[in-house]
Amino acid sequence: MIFAFFKRLLGRTAATPQAGANPSSRGANPRRARSPRSKSPAPRTWKGAELGIRRDQISQAAIRTCEILQRGGFKAYVVGGGVRDSLLGLQPKDFDVATDATPEEVQALFRRARIIGRRFKIVHVMFGRETIETSTFRALQTDAETDEHGRVLRDNVYGSQHDDALRRDFTVNALYYDPIADVVIDELGGVQDLRARVLRMIGDPATRYREDPVRMLRTVRFASKLGFAVDPATLAPIRGLADLLENVPSARLFDEMLKLLESGHAMACLRRLREEGLHHGVLPLLDVILEQPHGERFVELALAQTDERVRAGKSISPGFLFASLLWQRVADRWQARREAGEHTIPALMQAMDTVLDEQAEKLAIQRRFIADMREIWGLQPRFDRTGRSAVRVLEHLRFRAGYDFMLLRVQAGELSAEIGQWWQDFVESDPAAREALLARTPIENRSGTPRRRRRRSSSRKSRPGEGGQDTLQSASTASPGHAPD
Ligand code: ATP
Ligand code: MG
Numbered sequence: 331m332i333f334a335f336f337k338r339l340l341g342r343t344a345a346t347p348q349a350g351a352n353p354s355s356r357g358a359n360p361r362r363a364r365s366p367r368s369k370s371p372a373p374r375t376w377k378g379a380e381l382g383i384r385r386d387q388i389s390q391a392a393i394r395t396c397e398i399l400q401r402g403g404f405k406a407y408v409v410g411g412g413v414r415d416s417l418l419g420l421q422p423k424d425f426d427v428a429t430d431a432t433p434e435e436v437q438a439l440f441r442r443a444r445i446i447g448r449r450f451k452i453v454h455v456m457f458g459r460e461t462i463e464t465s466t467f468r469a470l471q472t473d474a475e476t477d478e479h480g481r482v483l484r485d486n487v488y489g490s491q492h493d494d495a496l497r498r499d500f501t502v503n504a505l506y507y508d509p510i511a512d513v514v515i516d517e518l519g520g521v522q523d524l525r526a527r528v529l530r531m532i533g534d535p536a537t538r539y540r541e542d543p544v545r546m547l548r549t550v551r552f553a554s555k556l557g558f559a560v561d562p563a564t565l566a567p568i569r570g571l572a573d574l575l576e577n578v579p580s581a582r583l584f585d586e587m588l589k590l591l592e593s594g595h596a597m598a599c600l601r602r603l604r605e606e607g608l609h610h611g612v613l614p615l616l617d618v619i620l621e622q623p624h625g626e627r628f629v630e631l632a633l634a635q636t637d638e639r640v641r642a643g644k645s646i647s648p649g650f651l652f653a654s655l656l657w658q659r660v661a662d663r664w665q666a667r668r669e670a671g672e673h674t675i676p677a678l679m680q681a682m683d684t685v686l687d688e689q690a691e692k693l694a695i696q697r698r699f700i701a702d703m704r705e706i707w708g709l710q711p712r713f714d715r716t717g718r719s720a721v722r723v724l725e726h727l728r729f730r731a732g733y734d735f736m737l738l739r740v741q742a743g744e745l746s747a748e749i750g751q752w753w754q755d756f757v758e759s760d761p762a763a764r765e766a767l768l769a770r771t772p773i774e775n776r777s778g779t780p781r782r783r784r785r786r787s788s789s790r791k792s793r794p795g796e797g798g799q800d801t802l803q804s805a806s807t808a809s810p811g812h813a814p815d
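Numbered according to our numbering, the sequence shown terminates at residue 815, and the numbering increases by one at each position without gaps.
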């Protein structure tokens, strides 16, 4: 530690600017004068107690990170959701730190710190199992490189604390808390908005959405999660700009969608996405799914369960979640193929491939989650009846997820309650009782799985790249390991 401190001091006298960095982050700040949005009022500072924030709400790891940075001669604050949620009396998901130290300077001060990211370096500072994302103050350049729609492709210039506040998305996300001095710094009126429970974009909302269309999803997420009203000027441009989501790399969309689904308010978020016309860009199948006879019910049940788990502090499985969101579509396709004479399992495999292909055009669900989805879906035919084959299903590595998914189907009325009960009894029984259950006459699902009560033309619309030869090939390459026998 002491060594690192001296190393830093020496490094400073050498004053070598870091690669790609604007070395303006400390002392006199040349960028401030040029900043396009610096008309804001002077920063206000508050003692923690005045706002009801306490040091013990902040993770020890975040406090340690700030302490060590400050002892090293740098500014360091907890920022973003960690401050916002603490001020609202909510449990923050994680804590981020912002500093005027460059990533290399940060790294030199900590024993376990890793620089990550190529486009813009940040440092992961690790304490035990906790990781504190530590980023150097940065500025949004007015002359940043953008695509033809205004999306910023590179924003890798360091800046002052003020610049750093301005480049953030919402005023309530631009509060800086110094846990050592116990002071909150508010440059942009975030405290006032927090008190009024208003979500307000910093700067000109349309421009900020163009710079990064993902911010539209963030508006929906924070409004739903926090129960905040969206400032009218922040809300207004979204409908007109919704299509810009098309230009966002699909992996980035996936990350943001996952945050939305894991917000503890997933159903509210999805409804709002739909209202604002944003779902076309992320979950194009959502309309189709919700229009299906039981689609809305199934998705609602799945999301209610997810929200409950998140709020209880439990982990959720993204694979299970996406499997739930897309299941009705798969079930529908599966049934159609079976009606056309295909065998149960190949029909299901084909249906899965088609649906995953349709979805992949918009949102790149990570491969490991796709594998989970296939396994969960692939196990479903095994639950459609009771009997001897149950023993082997139980041994499946993914049994628990498949089983939980089956219970959702029962709740949604897609699988008979009788079958659901049998499985529940079977899972919870000891070996002797299991034998007795196996000896019973097998029950076939009478609710009909999957079901297609009405052949509605509406569920057949908007299906780019539907079915056909192209998907037959991918179905045949599906891992046989996922296929139930
Ligand atoms: P939570 O972690 O609870 O979901 P958060 O506000 O911490 O919410 P993060 O995605 O962790 O959200 O981002 C941390 C902070 O970084 C935000 O509070 C915001 O200040 C800034 N930020 C994140 N994404 C963007 C973005 N797309 N545009 C501008 N600022 C952003
Ligand atoms: Mg966060």
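Here a beta-carbon is modelled for each residue, glycine too, at the ideal position from N, C-alpha and C.
Bounding residues of the beta strand (DSSP E) (the contiguous stretch that carries residue i)
| i | result |
| --- | --- |
| residue 609 | Element bounds for residue 609: not the beta strand (DSSP E) but the alpha helix (DSSP H), 609-612. |
| residue 374 | 374-377 |
Selected residue, minimal CA-CA separation from residue i, among the options
| i | options | result |
| --- | --- | --- |
| residue 646 | 609, 699 and 598 | 699 |
| residue 379 | 439, 512, 404 and 705 | 512 |
| residue 737 | 707, 667 and 721 | 707 |
| residue 651 | 683, 713 and 695 | 695 |
| residue 430 | 638, 403 and 579 | 403 |
| residue 612 | 598, 507, 587 and 501 | 587 |
| residue 507 | 426, 543, 477 and 704 | 426 |
| residue 409 | 432, 463 and 436 | 463 |
| residue 389 | 412, 502 and 375 | 412 |
| residue 582 | 547, 681, 716 and 601 | 547 |
| residue 555 | 589, 774, 709 and 478 | 589 |
| residue 660 | 436, 685, 530 and 637 | 685 |
| residue 648 | 531, 636, 416 and 601 | 636 |
| residue 705 | 675, 524 and 644 | 675 |
| residue 537 | 688, 480, 493 and 718 | 480 |
| residue 526 | 543, 532 and 502 | 502 |
| residue 432 | 729, 552, 491 and 758 | 491 |
Per DSSP, the bridge partner or partners of residue i
| i | result |
| --- | --- |
| residue 454 | 444 and 463 |
| residue 426 | 409 and 463 |
| residue 505 | 516 |
| residue 774 | 715 |
| residue 395 | DSSP output for residue 395 lists no bridge partner at all. |
| residue 674 | According to DSSP, which records beta bridges pairwise, residue 674 is partnered with nothing at all. |
| residue 737 | DSSP, once it has assigned bridges, lists no residue as partnering residue 737. |
| residue 529 | 560 |
| residue 500 | 531 |
| residue 488 | 468 |
| residue 482 | 476 |
Between the CA atoms of residue j and residue i - distance to the nearest angstrom
| i | j | result |
| --- | --- | --- |
| residue 373 | residue 692 | 41 Å |
| residue 455 | residue 407 | 14 Å |
| residue 605 | residue 722 | 45 Å |
| residue 567 | residue 535 | 7 Å |
| residue 745 | residue 714 | 7 Å |
| residue 591 | residue 597 | 8 Å |
| residue 664 | residue 627 | 19 Å |
| residue 765 | residue 500 | 60 Å |
| residue 593 | residue 528 | 18 Å |
| residue 445 | residue 395 | 15 Å |
| residue 735 | residue 569 | 35 Å |
| residue 510 | residue 603 | 39 Å |
| residue 392 | residue 398 | 10 Å |
| residue 469 | residue 565 | 24 Å |
| residue 366 | residue 497 | Its pLDDT being 43, under 50, residue 366 is placed unreliably in this model, and the coordinates cannot settle the point. |
| residue 362 | residue 458 | Here the model assigns residue 362 a pLDDT of 35, short of 50, so the residue's position is not dependable, and the following value carries that caveat. The straight-line gap from Cα to Cα measures roughly 37 Å. |
| residue 610 | residue 400 | 46 Å |
| residue 434 | residue 483 | 23 Å |
| residue 504 | residue 495 | 5 Å |
| residue 549 | residue 419 | 20 Å |
| residue 466 | residue 679 | 48 Å |
Near the ligand GDP: residue i beta-carbon under 8 Å from a heavy atom
| i | result |
| --- | --- |
| residue 374 | Ligands displayed in this structure: the ligand ATP and the ligand MG; the ligand GDP is not among them. |
Range of the contiguous alpha helix (DSSP H) that encloses residue i
| i | result |
| --- | --- |
| residue 580 | 580-591 |
| residue 749 | 747-758 |
| residue 724 | 720-725 |
| residue 491 | 491-496 |
| residue 432 | From DSSP, residue 432 is part of no alpha helix (DSSP H); its letter is neither H nor E. |
| residue 695 | No alpha helix (DSSP H) contains residue 695, which DSSP labels as neither H nor E. |
| residue 600 | 596-605 |
| residue 650 | 648-669 |
Is it a yes or a no for the segment 379-390 touching the segment 445-456, going by three-plus beta-carbon pairs under 8 Å? no
Sufficient close CB pairs (3 or more, under 8 Å) joining the segment 515-526 to the segment 564-583: no
With three or more C-beta pairs closer than 8 Å as the rule, is the segment 740-752 touching the segment 626-641? yes
Could you check whether the segment 663-672 touches the segment 557-564, counting it as contact only if at least three pairs of C-beta atoms, one from each stretch, sit closer than 8 Å? no
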